[in-house]
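A short worksheet on the structure shown next.
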Amino acid sequence: MQAFGYDHSGGPEVFEEYDVALPTLKDTDILIENKAFGLNNFERSQRAGVFGATTQRRIPGRDVAGIVKQTGSAITKFHPGDRVVAHGHHSYAEYATSSEANTVLIPAQISFAAAAAIVTPGITAYNALHYFGQAQPGQVVIVKGASGGVGSLAAQLALNLGDQVIGIGSSRNEAYVKSLGVTEYVAYDQQDPAKVLQDQADLVINAAMNGASSQEDIAMVKPGGIIATVAHDEAVVTDKKVQINHISPTREVPDTKALQTIMDLMASQKLTIKIGDVLPFTLAGVRQGHTILENPHAGRVIIAKDAN
Ligand SMILES: NC(=O)c1ccc[n+]([C@@H]2O[C@H](COP(=O)([O-])OP(=O)(O)OC[C@H]3O[C@@H](n4cnc5c(N)ncnc54)[C@H](OP(=O)(O)O)[C@@H]3O)[C@@H](O)[C@H]2O)c1
Numbered sequence: 000m001q002a003f004g005y006d007h008s009g010g011p012e013v014f015e016e017y018d019v020a021l022p023t024l025k026d027t028d029i030l031i032e033n034k035a036f037g038l039n040n041f042e043r044s045q046r047a048g049v050f051g052a053t054t055q056r057r058i059p060g061r062d063v064a065g066i067v068k069q070t071g072s073a074i075t076k077f078h079p080g081d082r083v084v085a086h087g088h089h090s091y092a093e094y095a096t097s098s099e100a101n102t103v104l105i106p107a108q109i110s111f112a113a114a115a116a117i118v119t120p121g122i123t124a125y126n127a128l129h130y131f132g133q134a135q136p137g138q139v140v141i142v143k144g145a146s147g148g149v150g151s152l153a154a155q156l157a158l159n160l161g162d163q164v165i166g167i168g169s170s171r172n173e174a175y176v177k178s179l180g181v182t183e184y185v186a187y188d189q190q191d192p193a194k195v196l197q198d199q200a201d202l203v204i205n206a207a208m209n210g211a212s213s214q215e216d217i218a219m220v221k222p223g224g225i226i227a228t229v230a231h232d233e234a235v236v237t238d239k240k241v242q243i244n245h246i247s248p249t250r251e252v253p254d255t256k257a258l259q260t261i262m263d264l265m266a267s268q269k270l271t272i273k274i275g276d277v278l279p280f281t282l283a284g285v286r287q288g289h290t291i292l293e294n295p296h297a298g299r300v301i302i303a304k305d306a307n
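At position 105 of the sequence shown the residue is numbered 104 (numbering that gives the first Met the number 0), and the sequence of numbers has no breaks.
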């Protein structure tokens, strides 16, 4: 099968196209014929060697939307022909594998591209709100990076929970974030969120690129509040009584909780995802997608064989 990967770290040009064997299915595996997969900042960092140099061939990717081709003998919930979205394995390829714990059906009205676009950011946003943020209905939730993949989904999940959401992003994305139902917005390039939003939030979800300023989060949260953050600057010093929870992949919440919640909200038009680029399922498409990830961009980047 066709697969895209690399055997050394570097820029987007390290990607090559490989002809590899179909995955060997375990009893608990689902084989998905890939129709669309999403690109993530994690994969950009992984490719660039941020987590360590790559010395062996790697086929990256976890986000996949497609059609069930085959199931292992222990699979009962899915059947060949089902349209599914999954937090699977090696999704930069013609076929990817997943399990029942990270796969859900795609409702008929949702496209493969839209389903692929919500996987990693959706799971991260859901866990940020419910697990790391312990959000309750009626709270004030500040979402930093509300114009991004994770942040836009976190903001919409919080609105659907019944929270008052304040978004932070750049001024060029204010209209987009407000179109999601967020009525209060602070443009970080025009105002200082730490001053304008001082002590306002029960929960700050920091989903800005690399977390931006953690001191700003401490300024914005109420005493006794929670900060759920993608930042990894561990040594934040403060006298304020706040709980700082670092967002990371967790097994405490099944991936299907986030995926099913988001599919349901999308199907009832209560949640949307902004797709910036849908690129061809080719080596050039993958290289172009990673080039886009290198620069500030608007919207998710999707590689699609069949975007619908
Ligand atoms: N730990 C995990 O499990 C996990 C999982 C997924 C993602 N992440 C991380 O989460 C972050 C966001 O990922 P993403 O895919 O959502 O990225 P994205 O779509 O590129 O969004 C980045 C967001 O950051 C905003 N931003 C940049 N500088 C800011 C600032 N100074 N103040 C406030 N907002 C600012 C951007 O706003 P404008 O575009 O309006 O400027 C945009 O909304 C990345 O660092 C990513 O690596 C972590």
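C-beta atoms are modelled at their ideal positions from N, C-alpha and C, and glycine is treated no differently.
Computed from a predicted model, the values in this text were never measured in an experiment.
| query | What's the C-alpha gap between A211 and G71? | reply | Along the sequence shown, one-based indexing puts residue 211 at 212. Along the sequence shown, one-based indexing puts residue 71 at 72. When rounded, the distance between both Cα atoms is 44 Å.
| message | What residue range does the alpha helix (DSSP H) around E173 cover? | response | As a position in the sequence shown, residue 173 is number 174, starting the count at 1. Start and end: E173 to S178.
| said: Looking at A206: is its Cβ nearer than 8 Å to the Cβ of G144? | reply: For the purposes of this step, residue 206 is taken as residue 207 along the sequence shown, with counting starting at 1. For the purposes of this step, residue 144 is taken as residue 145 along the sequence shown, with counting starting at 1. It is a contact, given that the beta carbons lie within the stated cut-off.
| DSSP beta-bridge partners of G65 | As a first step, residue 65 must be located in the sequence shown, where it is residue number 66. Note: G65 sits in a beta bridge opposite N33 and V83.
| Is A206 near ligand 1, with its Cβ less than 7 Å from a heavy atom? | As a position in the sequence shown, residue 206 is number 207, starting the count at 1. Checking the Cβ of A206 against ligand 1 gives yes.
| message | Among L292, F3, T75 and Q108, whose alpha-carbon lies nearest the alpha-carbon of Y94? | response | The residue labelled residue 94 in the question sits at position 95 within the sequence shown. Taking only the C-alpha atoms, the option nearest Y94 is F3.
| task | Tell me, please, whether the stretch 230 to 247 touches the stretch 64 to 84 by the rule of three or more beta-carbon pairs shorter than 8 Å. | result | By the C-beta criterion, the stretch 230 to 247 is judged not to be in contact with the stretch 64 to 84, since fewer than 3 inter-stretch pairs fall below 8 Å.
| request: Would you mind reading off the limits of the alpha helix (DSSP H) that contains T119? | output: Residue mapping note: residue 119 aligns to position 120 of the sequence shown, counting from 1. From DSSP, the alpha helix (DSSP H) with T119 extends over V118 to N126.
| query | Thinking C-beta only, is V185 closer than 8 Å to V195? | reply | The count along the sequence shown starts at 1 and reaches residue 195 at position 196. The count along the sequence shown starts at 1 and reaches residue 185 at position 186. Cβ distance < 8 Å, so V195 and V185 count as in contact.
| Rounded Cβ spacing between A306 and V277 (contact assumed at less than 8 Å) | As a first step, residue 306 must be located in the sequence shown, where it is residue number 307. As a first step, residue 277 must be located in the sequence shown, where it is residue number 278. Sure, about 5 Å apart at Cβ, within 8 Å.
| task | Indicate whether the contact test is met: 3 or more Cβ pairs, each with one atom in the stretch 125 to 143 and one in the stretch 61 to 78, closer than 8 Å. | result | Contact fails between the stretch 125 to 143 and the stretch 61 to 78, because fewer than three Cβ pairs, one in each stretch, are under 8 Å apart.
| Test item: CB-CB of P11 and H289 under 8 Å | What you label residue 11 is simply residue 12 of the sequence shown in a count that begins at 1. What you label residue 289 is simply residue 290 of the sequence shown in a count that begins at 1. With respect to H289, P11 sits close: the two C-beta atoms are nearer than 8 Å.
| field | Per-residue DSSP class, three states only, for P192 | value | Within the sequence shown, residue 192 is the residue found at index 193, counting from 1. Note: P192 maps to helix in three-state DSSP.
| request: Have a look at P222 and D198 and give me their C-alpha separation to the nearest angstrom. | output: Taking the sequence shown and counting its residues from 1, one reaches residue 222 at position 223. Taking the sequence shown and counting its residues from 1, one reaches residue 198 at position 199. Rounded to the nearest whole angstrom, the C-alpha separation of P222 and D198 is 7 Å.
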